[in-house]
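Trainee: Counting from 131, one number per residue, gives the positions in the sequence shown under this note's numbering.
Heads up, the beta-carbon is just placed ideally off N, CA and C, and yes, glycines get one too.
This is the structure I have questions about; it appears just below.
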Amino acid sequence: MDITKLPRWNIEEVCGYKPFTTFWDDFSIADNFGVDAVCDTYNRAFQEWKTDYKYLTELVMVLNWKIWQHYEHNEPLARLYNTIWERAAQYAQENLKGDELTYFYQTTD
Numbered sequence: 131m132d133i134t135k136l137p138r139w140n141i142e143e144v145c146g147y148k149p150f151t152t153f154w155d156d157f158s159i160a161d162n163f164g165v166d167a168v169c170d171t172y173n174r175a176f177q178e179w180k181t182d183y184k185y186l187t188e189l190v191m192v193l194n195w196k197i198w199q200h201y202e203h204n205e206p207l208a209r210l211y212n213t214i215w216e217r218a219a220q221y222a223q224e225n226l227k228g229d230e231l232t233y234f235y236q237t238t239d
């Protein structure tokens, strides 16, 4: 696999948000190996970073953008991304409090 062929996440140009994690590239690599690889990547990332509100926020954002990346040409992958996006977003909404929840909502809005 040629890493230079991974899709670029242009969120900074679109929204002004500057990514600081490798989540986009991690999931882009997993995309090439299918549903099981995406599930594994999600499980590892979520377990490692669910207690860090900034990382959790970016994870939710990446999952959402991945839905849009795949919905027209790979429905099973788009559905998987939708499912894990819903889980991660719900976790954030139920577990983040105060300034952390405000950051989540302001950043994902």
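1) So, helix, strand or coil for Trp198, using DSSP?
2) Could you check whether Ala219 and Val190 sit closer than 7 Å to each other, using their CB atoms as the reference points?
3) Evaluate Tyr172 with the Cβ neighbour count: other Cβ atoms within 10 Å of its Cβ, from every protein chain shown; 16 or more gives buried, anything less gives exposed.
4) If Leu226 and Tyr183 are in contact, beta carbons under 8 Å, what's the gap, nearest whole angstrom?
5) Roughly how many angstroms separate the alpha carbons of Ser158 and Leu136, rounded to a whole number?
6) Suppose contacts are defined by Cβ-Cβ distances below 7 Å. Is Glu188 in contact with Phe153 by that definition?
Mentor: On the basis of the coordinates in this document:
1) helix
2) yes
3) buried
4) 5 Å
5) 6 Å
6) Contact: yes.
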